[in-house]
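> Position one of the sequence shown corresponds to residue 0 (numbering that gives the first Met the number 0), numbered consecutively onward. For every residue, glycine included, the Cβ atom is placed at its ideal position computed from N, Cα and C. It should be emphasised that the depicted structure is a prediction, and the values quoted were computed from it without experimental measurement. Below is one structure. I have some questions about it.
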Amino acid sequence: MQRTSWEQINTLLNSIKDGSCDLEDNRIVEMIGNWIPSYNCEAAADGFLEVVSEVILARQHLERALLKIVVRPMFYMGISESKQVFAWINHFLNGERNSLSEECMAWLRNDLVELKAVLITDILKEIQEEEK
């Protein structure tokens, strides 16, 4: 498995933002899944959250697969309930390291935190089963 570099992630994000991305959906998910934003779970969760929120805005049908990538480091920190995931996201949104666009912040606050508890619960269950 080849790791994805920050440069590759940055190129992906720029191409998605400007509408020139011609990668297939499974390749986008694979690239993000093979990226290590940090070897620290907290920083990894933050890094994935920033990247994934930008991608989901453009490719909403990838939401489940990409959110699973975001939630995994949170699971490794002991987060096992959707309300804990949302508390983490709110903490991230209010933190200094947050460099998200207003559109991404609105999506995280409104669409994700308010509407996706069942999805996040399902993702946490999947990860728990995979880790057994």
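List the residues that DSSP assigns as beta-bridge partners of Trp34.
As a first step, residue 34 must be located in the sequence shown, where it is residue number 35. Paired residue(s): Thr3.
> Quick one, which of Lys67, Thr10, Glu80 has its alpha-carbon nearest Glu129's?
For the purposes of this step, residue 129 is taken as the residue at position 130 of the sequence shown. Of the listed residues, the one whose Cα sits closest to Glu129 is Lys67.
> Distance, Cα to Cα, Val50 vs Lys124?
Locating residue 50 in the sequence shown gives position 51, counting from the first residue. Locating residue 124 in the sequence shown gives position 125, counting from the first residue. Taking the straight line from one Cα to the other gives about 23 Å.
> Under three-state DSSP, which class holds Leu65?
Locating residue 65 in the sequence shown gives position 66, counting from the first residue. Helix at Leu65.
> Starting from the N-terminal side, write out each stretch of the alpha helix (DSSP H) that is 4 residues or longer and does not extend beyond the segment 94-124.
Counting only runs of 4 or more, we get 101-105.
> Could you give the C-beta distance for Val70 and Ile119, rounded to a whole number, given that I count them as a contact under 8 Å?
Taking the first residue of the sequence shown as 1, we reach residue 70 at position 71. Taking the first residue of the sequence shown as 1, we reach residue 119 at position 120. That belief holds up - the Cβ atoms of Val70 and Ile119 are roughly 7 Å apart, short of 8 Å.
> Taking C-alpha atoms, which residue in Leu48, Asn13, Ser37, Ile35 lies nearest to Trp87?
Numbered from its first residue, the sequence shown carries residue 87 at position 88. It is Leu48 whose Cα lies nearest to the Cα of Trp87.
> Exposed or buried, Asp24, counting other C-beta atoms within 10 Å across all chains shown (16 or more means buried)?
What you label residue 24 is simply residue 25 of the sequence shown in a count that begins at 1. Classification for Asp24: exposed.
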